[in-house]
Amino acid sequence: MASAEQNRTTEADPNSEPASSQPLPIGPPYSIFTSRQKKWIILTASLGAFFSPMSAQIYLPALNSITKDLHISSSLINLTVTTYMIIQGIAPTMVAGFSDGAGRRPAYMACFTIYIIANIGLALQNNYVALMVLRALQSAGSSGTVALSNGCVGDIVTSSERGIYVAYASISSVLGPSLAPIIGGVLSQYLGWKSVFWFLTIFATVYFLPLMLFFPETCRKVVGDGSVPPPKWNQSITGYLREKERARSGTPVDPAQQAYVTENYRLQFPNPFSTLIIVADKEAGLILFSQGLVLACFYAISVGVPSQYKEIYNFNDLELGFVFLPMSVGTLVSAFTTGKIVDWNYRKHARRHGLPVIRNRQEDLSNFPIEKVRLQVALPLLYVGATSVIAYGWALHYEANLAVPLVLIFVLGYSVNAANQCMSILMVDIWPGRPATATAAANLVRCSLGAASTAVVMPMLDKMGRGWTYTTLALLWVAFSPLVWMLMKNGPEWRRQRREREEKAKSDKKRAREEKANMEIGEELEDRRGEKSETKDAHTSSVSEYRSKNGQEEAQKERLGASLEDEITKAGKKI
Numbered sequence: 025m026a027s028a029e030q031n032r033t034t035e036a037d038p039n040s041e042p043a044s045s046q047p048l049p050i051g052p053p054y055s056i057f058t059s060r061q062k063k064w065i066i067l068t069a070s071l072g073a074f075f076s077p078m079s080a081q082i083y084l085p086a087l088n089s090i091t092k093d094l095h096i097s098s099s100l101i102n103l104t105v106t107t108y109m110i111i112q113g114i115a116p117t118m119v120a121g122f123s124d125g126a127g128r129r130p131a132y133m134a135c136f137t138i139y140i141i142a143n144i145g146l147a148l149q150n151n152y153v154a155l156m157v158l159r160a161l162q163s164a165g166s167s168g169t170v171a172l173s174n175g176c177v178g179d180i181v182t183s184s185e186r187g188i189y190v191a192y193a194s195i196s197s198v199l200g201p202s203l204a205p206i207i208g209g210v211l212s213q214y215l216g217w218k219s220v221f222w223f224l225t226i227f228a229t230v231y232f233l234p235l236m237l238f239f240p241e242t243c244r245k246v247v248g249d250g251s252v253p254p255p256k257w258n259q260s261i262t263g264y265l266r267e268k269e270r271a272r273s274g275t276p277v278d279p280a281q282q283a284y285v286t287e288n289y290r291l292q293f294p295n296p297f298s299t300l301i302i303v304a305d306k307e308a309g310l311i312l313f314s315q316g317l318v319l320a321c322f323y324a325i326s327v328g329v330p331s332q333y334k335e336i337y338n339f340n341d342l343e344l345g346f347v348f349l350p351m352s353v354g355t356l357v358s359a360f361t362t363g364k365i366v367d368w369n370y371r372k373h374a375r376r377h378g379l380p381v382i383r384n385r386q387e388d389l390s391n392f393p394i395e396k397v398r399l400q401v402a403l404p405l406l407y408v409g410a411t412s413v414i415a416y417g418w419a420l421h422y423e424a425n426l427a428v429p430l431v432l433i434f435v436l437g438y439s440v441n442a443a444n445q446c447m448s449i450l451m452v453d454i455w456p457g458r459p460a461t462a463t464a465a466a467n468l469v470r471c472s473l474g475a476a477s478t479a480v481v482m483p484m485l486d487k488m489g490r491g492w493t494y495t496t497l498a499l500l501w502v503a504f505s506p507l508v509w510m511l512m513k514n515g516p517e518w519r520r521q522r523r524e525r526e527e528k529a530k531s532d533k534k535r536a537r538e539e540k541a542n543m544e545i546g547e548e549l550e551d552r553r554g555e556k557s558e559t560k561d562a563h564t565s566s567v568s569e570y571r572s573k574n575g576q577e578e579a580q581k582e583r584l585g586a587s588l589e590d591e592i593t594k595a596g597k598k599i
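Under this note's numbering, think of the first position of the sequence shown as 25, with each following residue one higher.
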């Protein structure tokens, strides 16, 4: 009882010491934004992330109609889905690195400009090649928004409350797959499949204009905790008014925040290699591979729905859209429940390790097993998802009552999204300085594996049948699940080793800069000494020249005097 009371006191009192003998460091306030403002910022960013999964899923109910109108095969039309996913993995590597350095707002502007242009083109095209190219462009514009959404979470939210805020950020990403197939089915059935792209054009424009005017810059390398005035092209109307009020009141900018921004703000060309560095990291690579493998199976099931349900249950485009509804409801339920479970598990482990949990303060996680905290929630869900995939495949194989596969799709949607959410939170936790780049790395692996699964699922279904196809995919989860156990055990040590390497590299870089600066100072001093020496030599030379000139004048005078004396002597002799 006393222990519980002590834990509550530790969590509530900012001045209380942790249970451990050495106090753990607690940072200053993480963000100037209030809880209400944080929710609005993240929900707005989340709505932007809505467009990437929505654009992928709204297209699926129309696949049969597009195949018929363009006179192409199911395999060819599925390649447009594969292409979309490949670009969905590659594009964020450019967008995220750019936004982590130059800010979120410029990245949003570039993304939505490309996206709106691509949708207009898709609504006007009439051939397969144009469809393929413009779908790739559409993906390039929309896919970066997911990384930007998670980047905003990392900018303004601490680890202790990250679970619930990531849940807010994932709401639109969940609603995209939930609502998009229904919307796509209705539009394709009654207005034709091109109406899907006109709908996306109008929706994106209505969202983009207010975003451009009012959404504040949150990137910590640009505005720090939100108090540092951003460059003009990062400035929103609300940010301008806030800065004007600050200037009017005479409130100074925090010097520490200003120094951080001055040191880190860089406007540079997007560098995809920053994402590849994260993918190549041992700990991050295992997380991303495990996450990507789970979602690859999820995509394989989604792509297989139109052909399988038309063949088994003779569904039209509208009915196919409603097939995705149970999966979407499952993902939506997971978004509202997983975040709370993840935050509860964080607080439980924080109390065990004597780590105070204080609102709007970022704790030092150097010696905290954050991998165990997040993956304890994810691991059981992975096994539930694998079981539901196997059952789903055999339900379709035996053409069971429609209710059976729909219930299994609900379970699959819940478990997959919940596990994915836990791993996404973990990636932001272990890469706190680059949340958008970490999310882009996740997109790269997820979409690469997803593209492979969507490309092979139809041939697998044709040759292996429904039951064995989905059983094979599910068993891949189980076969690689020991990687998650390995992460829970070795993650903290791997993270410590990476931190030491980064600190050493940073120290070496700083030393190299200092040595270069010292060399430049030395060269400048040498140049100054050389200039002084040249001046002295010039002065000495001038004196010598002056003396030489005077000597010549004296000699000339002596010669003239001697000549004059000779003339006088000669004149005297003549007289």
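Glycine included, every Cβ here is placed at the ideal spot set by N, Cα and C.
Remember, predicted model here, so these are calculated numbers, not experimental data.
Exercise for the section: Could you check what DSSP says for Pro-506 in three-state terms: helix, strand or coil? Expected result: helix
Handout entry: alpha helix (DSSP H) runs wholly inside the segment 228-267, at least 4 long, in chain order
Key = 244-247
Exercise for the section: Just grab the DSSP bridge partners of Pro-77 for me. Expected result: Pro-77 pairs with nothing; no bridge assigned.
Handout entry: As assigned by DSSP and simplified to three states, the class of Pro-380
Key = coil
Problem - Limits of the alpha helix (DSSP H) - the one that Val-310 falls within - result: According to the sequence displayed, residue 310 carries Leu and not Val. Residues 306-337.
Handout entry: Cβ-Cβ separation, Asn-174 to Ala-460 (assumed contact under 8 Å), whole Å
Key = 7 Å
Exercise for the section: Evaluate contact between the segment 348-363 and the segment 431-443, counting only Cβ atoms and requiring at least three cross-stretch pairs below 8 Å. Expected result: yes
Problem - Same chain, Cβ closer than 7 Å to Trp-509, five either side skipped, listed in chain order - result: none
Problem - Alpha-carbon to alpha-carbon, Thr-299 and Asp-305 - result: 10 Å
Practice task
List the endpoints of the continuous alpha helix (DSSP H) containing Phe-136.
Solution key: 128-148
Exercise for the section: Evaluate the contact criterion for the segment 100-112 versus the segment 160-173: three or more CB pairs, one atom per stretch, below 8 Å. Expected result: yes
Problem - Short Cβ contact (8 Å threshold) for Val-190 with Ile-449 - result: yes
Practice task
Using only alpha-carbon positions, find the residue among Val-230, Phe-136, Leu-155 and Ser-70 that is nearest to Leu-94.
Solution key: Leu-155
Practice task
Tell me, to the nearest whole angstrom, how far the beta carbon of Val-465 is from that of Ile-302; I am working on the premise that it is less than 8 Å.
Solution key: Note on identity: in this sequence residue 465 is Ala, with Val being the wrong assignment. About 4 Å separates the two Cβ atoms, so the contact holds.
Handout entry: Euclidean distance between Cα positions of Trp-222 and Ile-144
Key = 7 Å
Practice task
Indicate the three-state DSSP secondary structure (helix, strand or coil) for Ile-83 in the structure shown.
Solution key: The amino acid occupying residue 83 in the given sequence is Tyr; Ile does not appear at that position. Correct three-state label for Tyr-83: coil.
Exercise for the section: Starting from the N-terminal side, write out each stretch of the alpha helix (DSSP H) that is 4 residues or longer and does not extend beyond the segment 434-493. Expected result: 459-488
Handout entry: Same chain only: Cβ atoms within 6 Å of Gln-213, ignoring 5 sequence neighbours per side
Key = Asp-341 and Leu-342
Problem - Test item: CB-CB of Gly-127 and Cys-243 under 8 Å - result: yes
Handout entry: Contact under 8 Å by Cβ, Leu-511 with Leu-310
Key = yes
Problem - Val-329 beta carbon less than 8 Å from that of Val-347 - result: yes
Handout entry: Nonlocal neighbours in the same chain, by C-beta distance under 8 Å from Pro-350, ignoring five residues either side
Key = Leu-430, Val-431, Ile-433, Phe-434 and Gly-437
Problem - Per-residue DSSP class, three states only, for Glu-343 - result: helix
Exercise for the section: Evaluate the contact criterion for the segment 134-142 versus the segment 267-275: three or more CB pairs, one atom per stretch, below 8 Å. Expected result: no
Handout entry: Range covered by the alpha helix (DSSP H) that runs through Val-397
Key = 394-421
Problem - Inter-stretch contact at 8 Å, needing at least 3 Cβ pairs: the segment 391-400 / the segment 362-378 - result: yes
Practice task
Please confirm whether Leu-67 and Tyr-231 have their CB atoms less than 8 Å apart.
Solution key: no
Handout entry: Cβ neighbour criterion (16 or more within 10 Å) applied to Trp-455
Key = buried
Exercise for the section: Work out the CA separation of Pro-404 and Ile-365 for me, nearest whole Å. Expected result: 13 Å
Exercise for the section: Count the other CB atoms, across all protein chains shown, that sit within 10 Å of the CB of Met-482; report buried if there are 16 or more and exposed otherwise. Expected result: buried
Handout entry: Option in Ile-65, Phe-239, Pro-276 and Met-78 with minimal Cα separation from Ile-261
Key = Phe-239
Handout entry: Host alpha helix (DSSP H) of Ser-166 (start-end)
Key = 152-166
Practice task
Identify which residue in Lys-528, Cys-446 and Gly-417 has its Cα closest to the Cα of Tyr-333.
Solution key: Gly-417
Handout entry: Closest residue to Tyr-323 among Gly-250, Arg-523, Tyr-264 and Leu-497 (Cα-Cα distance)
Key = Leu-497
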